[in-house]
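Below is one structure, written out as structure tokens, with a few remarks after it.
Residue numbers (the numbering used here): 19 to 169.
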């Protein structure tokens, strides 16, 4: 597969197979993992940050191996999801950063192009999320609205 906005081919390759059973050295129970994940998510962390913290600080290699559910579904079942999906939130944050940069550097044409590419990614992703009922049908991207949603 190729990339969307470049002439490069991307990074395909084999990955190490993921273990199907819980390692013996993991002593945490399902309830402890869910409790820790919910506590971290309520503290303002995104799902990716929660997973990374569980891996690095709590010694939990995979929430899915212990709970038989993905971390996002565990958080959703406990009512601690974000209003916008994490990938869309990251793109909006990136747009706000680029807009702020272009206010002080208006002749930076390469970043103007980068801004338009990121905005087109946002529109494409928003269309997907509207079709799958993750976002309401009335949700539309706007440059001013992006700054409000990020902060």
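Even for Gly, the Cβ is constructed at its ideal location relative to N, Cα and C.
Based on Cα-Cα distance, which residue from the options lies nearest to residue i?
{"i": "residue 42", "options": "100, 79, 27, 95", "result": "79"}
{"i": "residue 160", "options": "40, 103, 110, 97", "result": "110"}
{"i": "residue 36", "options": "60, 27, 76, 81", "result": "81"}
{"i": "residue 156", "options": "136, 60, 145", "result": "145"}
{"i": "residue 88", "options": "74, 69, 40, 100", "result": "69"}
{"i": "residue 13", "options": "112, 60, 74", "result": "A question about residue 13 goes unanswered here, because the residues of the chain that appear run from 19 up to 169."}
Between the C-alpha atoms of residue i and residue j, what's the straight-line distance to the nearest angstrom?
{"i": "residue 54", "j": "residue 31", "result": "34 Å"}
{"i": "residue 34", "j": "residue 21", "result": "23 Å"}
{"i": "residue 76", "j": "residue 97", "result": "22 Å"}
{"i": "residue 165", "j": "residue 102", "result": "14 Å"}
{"i": "residue 124", "j": "residue 85", "result": "50 Å"}
{"i": "residue 137", "j": "residue 23", "result": "12 Å"}
{"i": "residue 100", "j": "residue 50", "result": "22 Å"}
Looking at residue j and residue i, is the spacing between their C-beta atoms short of 8 Å?
{"i": "residue 52", "j": "residue 92", "result": "yes"}
{"i": "residue 130", "j": "residue 120", "result": "yes"}
{"i": "residue 133", "j": "residue 116", "result": "yes"}
{"i": "residue 65", "j": "residue 104", "result": "yes"}
In this structure, does DSSP put residue i in helix, strand or coil?
{"i": "residue 132", "result": "helix"}
{"i": "residue 126", "result": "coil"}
{"i": "residue 119", "result": "helix"}
{"i": "residue 72", "result": "helix"}
Return the chain-ordered list of same chain residues with a C-beta closer than 8 Å to the C-beta of residue i, the five sequence neighbours on each side being excluded.
{"i": "residue 39", "result": "83"}
{"i": "residue 71", "result": "58, 63"}
Looking only at its own chain, which residues have a Cβ that is under 7 Å from the Cβ of residue i, when we skip the five neighbours before and after it?
{"i": "residue 90", "result": "65"}
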